[in-house]
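Per numbering that gives the first Met the number 0, the very first residue in the sequence shown carries number 0; after that it's consecutive.
Where is the CB? At the ideal position from N, CA and C, for every residue including glycine.
Notes follow the structure.
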Amino acid sequence: MLSERLAQAPIRRTPLKRVVVPFGEWAPDLPDLGNPGCTVAENVMPHGQGFKPLPGLSVISSALDARCQGAIAAVDTSADEHLYAGDSSKLYRLVGTTFTDSSKSGGYSIAGTERWEAIRWGNTVVFTALEAPLQTVTMGGTTFADLVTSTLKPQGRHIGIVRNFVVLGYTQEAGTNYPNRIRWCAQSDPADWDQSQSTG
């Protein structure tokens, strides 16, 4: 019978062929139709001529005391790396794998909806938040301090550097918010914010 013959027949297995599906470069700015690359590339990173999976997440440091509301990683003039972060009441520096409170005496009080922004200025880091005075620390130092020593002491929601000037945007001055105002420091002196034709 046919069924008996089939049962006695040797089983031959065809080896599976490995199929490689090439993916082009990530090109989300091109139209979907006829796109030679990928329009979506999630949870991958470039590798060789394609992509490889992102490595899994792992804990590398302690947590802040509250939700992080801003951070900066910076390299000092000796090529050492430093990491600073802030929450609603403290500024921290990363020492080894532990975030250590490096706030000025009395700490800070910024709203949960606000954020710290930061820049690297020379060998220092400068933090700003709309509801706190400008804070600075020399990279490698242990404690933040108020930066501004001039008569005018603007605070700002945003901070940046334009040539030799530190610039604040969306300022708070004498308790009043100015969403459309910018201020800049004296040339090469972020501690001086007094208006002067000779300094900036």
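- As DSSP reads the structure, C37 sits in a beta bridge with W25.
- V166 sits in a strand when the DSSP states are folded into three classes.
- With fewer than 16 other CB atoms across the displayed protein chains lying within 10 angstroms of its CB, H46 is exposed.
- The alpha carbon of I158 has as its nearest neighbour, out of I71, W25, S60 and A40, the alpha carbon of I71.
- With contacts defined by Cβ atoms closer than 8 Å, A73 and V39 do not form a contacting pair.
- In summary, E24 is exposed, with fewer than 16 beta-carbon neighbours lying within 10 Å of its beta-carbon over all protein chains present.
- Non-local C-beta neighbours of R66 in its own chain, meaning closer than 8 Å and more than five positions away in sequence, comprise D86, S87 and G111, ordered along the chain.
- Secondary structure in the stretch 60 to 103: the beta strand (DSSP E) runs of 3 residues or longer, each lying completely within the stretch, are 70 to 74, 80 to 85, 90 to 94 and 97 to 100 in chain order.
- Bounds of any beta strand (DSSP E) do not take in T141, whose DSSP letter is neither H nor E.
- Shown here, I109 sits in coil according to DSSP, grouped into three states, outside any helix or strand.
- Three or more Cβ pairs closer than 8 Å define a contact, and the stretch 153 to 169 meets that threshold against the stretch 105 to 120.
- Between the stretch 135 to 145 and the stretch 170 to 185 there are fewer than three C-beta pairs closer than 8 Å, too few to call the two in contact.
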